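Please read the structure below before turning to the comments.
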DNA sequence: CATATCTTGATTGCTTTTGGTCGATATCGA
DNA sequence: TCGATATCGACCAAAAGCAATCAAGATATG
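Residue numbers (my numbering), protein chains in the order written: chain A, 1 to 252; chain B, 253 to 504.
Pasting the structure below:
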């Protein structure tokens with residue numbers, strides 16, 4: 001193999017992968033470690049697209065390759081569901097928002113829309129603070145560490161003095177007996193949220209159906225709308241609709 | 253795995269979670285405890301976004317968005333003042349924390365110390381959420397946009413049901429007439445904070461002396477301690493000490 | 001054809017990185 | 001308060017990576 005040919009191949013490899021080890025290059029180019037080192041040294045000096053690092057080389061040029069594209073796979077579904085829910089919310093409304101990763105996605109989809117948002121979720125607070133279009137009211141209380149949600153008596157009593165048009169909430173499980181969640185303090189708080197809202201929108205994924213969690217939250221009759229991904233079975237569709245809930249299924 | 257790659261991943265993990273244990277990092281990065289320690293040590297020194305704490309590492313950057321970055325000039329001084337104030341606070345205490353850039357700096361200096369923190373400042377919430385050593389109680393209410401502080405009736409009534417050992421608060425101005433701040437809603441909330449705390453620590457910079465702001469907050473007699481930078485004049489020192497306030501001056 | 005030059009692969013010490021151990025120190029629960 | 005446990009920093013030996021060097025073969029040059 002010619003020198004230039006080998007170096008071109010090498011550069012291409014680095015470009016493709018972003019990172020590559022010397023060992024890997026030795027194998028792929030069928031040459032010695034010394035040669036690879038020398039080639040890298042040369043490319044590092046001349047091309048300015050390659051940076052040598054201990055153990056290999058990295059591509060630092062103007063990203064021909066999709067560096068960041070690796071990350072977004074499973075998010076697609078949740079984001080589509082979130083978009084649908086966000087579309088249900090009218091500008092200027094008062095929206096009560098529960099914690100959870102799905103509701104956080106909904107919050108992202110709401111960015112830019114003029115709203116009054118009431119929430120006990122610190123991640124959502126972090127998202128909305130300094131958003132000029134959003135008037136933010138935070139529900140205080142003991143912040144549960146893992147989820148960043150304010151709970152407890154303080155939260156409950158504070159919720160008693162607010163009122164919202166819609167509630168967007170997520171759940172830990174759902175059966176014909178109603179909604180479930182895993183934490184009794186959380187359940188207590190969420191009950192008060194339901195009491196404070198005119199319309200209750202539950203957003204969940206289809207895997208939650210048929211699962212009960214530790215604590216019973218509310219009967220199905222408390223829910224007005226439910227948004228779920230396409231994985232929901234026909235049996236559960238029927239259960240939900242029989243309960244008088246407006247069901248929206250977001251197909252893949 | 254390459255060194256830079258590993259450190260990048262590590263930094264990302266910390267950023268995502270706010271706090272992460274060494275054990276968790278060992279598992280997720282498939283490396284040894286020693287290596288993780290060394291990487292953390294490196295990141296702690298260089299990146300200034302990461303702070304090592306016993307058992308893991310915490311993200312110290314502006315995790316809750318970059319809001320109002322007027323921490324320009326006297327930053328170093330502010331940090332020294334913050335360190336002093338943080339030293340006044342014993343592990344295990346209940347601390348009530350006001351909003352403001354100086355108190356935020358105090359909060360940073362408190363990272364890692366086991367405490368119960370009560371606050372209405374969303375930036376501080378963003379800093380402490382996910383910190384295992386800190387039990388966080390957030391004061392709810394209407395979130396004032398520019399500063400990210402919860403105010404209003406809801407905040408006041410919630411403050412009525414809490415009690416704290418110490419209050420760390422900042423002010424807009426101070427004269428012999430007492431403390432001042434620029435926002436009546438804020439003043440109302442801060443008055444309730446003073447009522448809820450056993451010891452009131454005011455932290456400020458020397459430029460605030462002699463300036464009145466829109467709203468009178470409290471007389472000097474409400475203050476127990478005051479921490480200020482070295483720029484304070486002898487006249488003001490005397491005024492403060494005459495008022496029975498324990499004065500700590502942090503020299504440059 | 002002989003010689004000079006270049007390239008390559010292997011070897012050799014040297015440095016960096018790594019993973020484990022050990023005593024010291026901090027934290028937590030009784 | 002006092003042990004039990006966890007975490008830490010310092011140290012060390014092994015492994016990995018590196019630059020420098022050398023010899024053998026290829027290629028170019030006269």
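Every residue gets a Cβ at the ideal spot worked out from N, C-alpha and C, and that includes glycine. What you are looking at is a predicted structure, and each value in this text was computed from that prediction instead of being measured.
Do residue j and residue i come within 8 Å of each other at the CB atom, strictly closer than that value?
i: residue 367 of chain B; j: residue 343 of chain B; result: yes
i: residue 374 of chain B; j: residue 129 of chain A; result: yes
i: residue 262 of chain B; j: residue 295 of chain B; result: yes
i: residue 390 of chain B; j: residue 143 of chain A; result: yes
i: residue 167 of chain A; j: residue 197 of chain A; result: yes
i: residue 214 of chain A; j: residue 182 of chain A; result: yes
i: residue 421 of chain B; j: residue 454 of chain B; result: yes
i: residue 207 of chain A; j: residue 231 of chain A; result: yes
i: residue 141 of chain A; j: residue 154 of chain A; result: yes
i: residue 158 of chain A; j: residue 98 of chain A; result: no
i: residue 194 of chain B; j: residue 476 of chain B; result: Residue 194 of chain B lies beyond the range of chain B shown here (253 to 504); nothing can be said about it.
i: residue 84 of chain A; j: residue 248 of chain A; result: yes
i: residue 18 of chain A; j: residue 59 of chain A; result: yes
Let me confirm a value: residue i is counted as buried when at least 16 other C-beta atoms fall within 10 Å, else exposed. Which label applies?
i: residue 305 of chain B; result: buried
i: residue 275 of chain B; result: exposed
i: residue 179 of chain A; result: buried
i: residue 8 of chain A; result: exposed
i: residue 30 of chain A; result: exposed
i: residue 488 of chain B; result: buried
i: residue 177 of chain A; result: exposed
i: residue 111 of chain A; result: exposed
i: residue 502 of chain B; result: buried
i: residue 252 of chain A; result: exposed
i: residue 264 of chain B; result: exposed
i: residue 355 of chain B; result: buried
i: residue 71 of chain A; result: Model confidence at residue 71 of chain A stands at a pLDDT of 38, short of 50, so the residue's coordinates are unreliable; what they give is reported in the following sentence. With fewer than 16 Cβ atoms within 10 Å of its Cβ, residue 71 of chain A is classed as exposed.
i: residue 105 of chain A; result: buried
i: residue 399 of chain B; result: buried
i: residue 100 of chain A; result: buried
i: residue 266 of chain B; result: buried
i: residue 46 of chain A; result: exposed
i: residue 330 of chain B; result: buried
i: residue 65 of chain A; result: Reliability of the predicted coordinates at residue 65 of chain A is poor, the pLDDT of 41 falling under 50, and the value obtained from them is presented with this limitation in mind. The residue in question, residue 65 of chain A, is exposed, as its Cβ has fewer than 16 Cβ neighbours within 10 Å.
So residue i and residue j are supposed to be a Cβ contact under 8 Å. How far apart are they, rounded?
i: residue 50 of chain A; j: residue 40 of chain A; result: 7 Å
i: residue 439 of chain B; j: residue 469 of chain B; result: 5 Å
i: residue 81 of chain A; j: residue 165 of chain A; result: Not confirmed; about 20 Å, so no contact.
i: residue 184 of chain A; j: residue 156 of chain A; result: About 12 Å separates the two Cβ atoms, so there is no contact after all.
i: residue 360 of chain B; j: residue 388 of chain B; result: The pair is not a contact, with the Cβ atoms about 15 Å apart (cut-off 8 Å).
i: residue 308 of chain B; j: residue 273 of chain B; result: 4 Å
What I want to know is whether the C-beta of residue i ends up closer than 7 Å to one or more non-hydrogen atoms of the ligand SAH.
i: residue 270 of chain B; result: Within the structure as shown, the ligand SAH is missing, as the structure has no ligands at all.
- alpha helix (DSSP H) segments (min. 4 residues) lying fully within the segment 436-464 of chain B: 436-448
- Inside the segment 373-426 of chain B only - beta strand (DSSP E) runs reaching at least 3 residues: 386-390, 393-396, 401-403, 416-421
- Task: Quick one: which residues of the segment 146-162 of chain A get their C-beta closer than 7 Å to a C-beta of chain B? List them in chain order.
- Result: 148, 150, 154, 158, 161
- Task: Tell me the start and end of each unbroken alpha helix (DSSP H) in the segment 256-285 of chain B that is at least 4 residues and wholly inside, in chain order.
- Result: 274-281
- Message: Please identify, using Cβ separations under 8 Å, the residues of the segment 217-240 of chain A that lie next to chain B, in order along the chain.
- Response: none
- Residues, ordered as in the chain, of the segment 351-378 of chain B that lie near chain A by beta-carbon distance below 7 Å: 374, 377, 378
- Item | Under 7 Å (Cβ pairs) to chain A, residues found in the segment 274-288 of chain B | none
- Using a Cβ-Cβ cut-off of less than 8 Å, give me the residues of the segment 385-396 of chain B that come near chain A, in sequence order. 387, 388, 389, 390, 391, 392, 393, 394, 395
- Note down, in chain order, all residues in the segment 37-59 of chain A with a beta-carbon under 8 Å from any beta-carbon belonging to chain B. 53, 54, 55, 56, 58
- Of all the residues that make up the segment 440-466 of chain B, which are near chain A by a beta-carbon distance shorter than 9 Å? none
- When Cβ atoms are compared, which residues of the segment 254-267 of chain B fall closer than 9 Å to chain A? 254, 255, 256, 257
- chain B contacts from the segment 86-99 of chain A (Cβ-Cβ distance under 9 Å): none
- Task: Could you name each continuous alpha helix (DSSP H) segment of 4 residues or more that falls completely within the segment 222-252 of chain A, going from the start of the chain to the end?
- Result: 234-242
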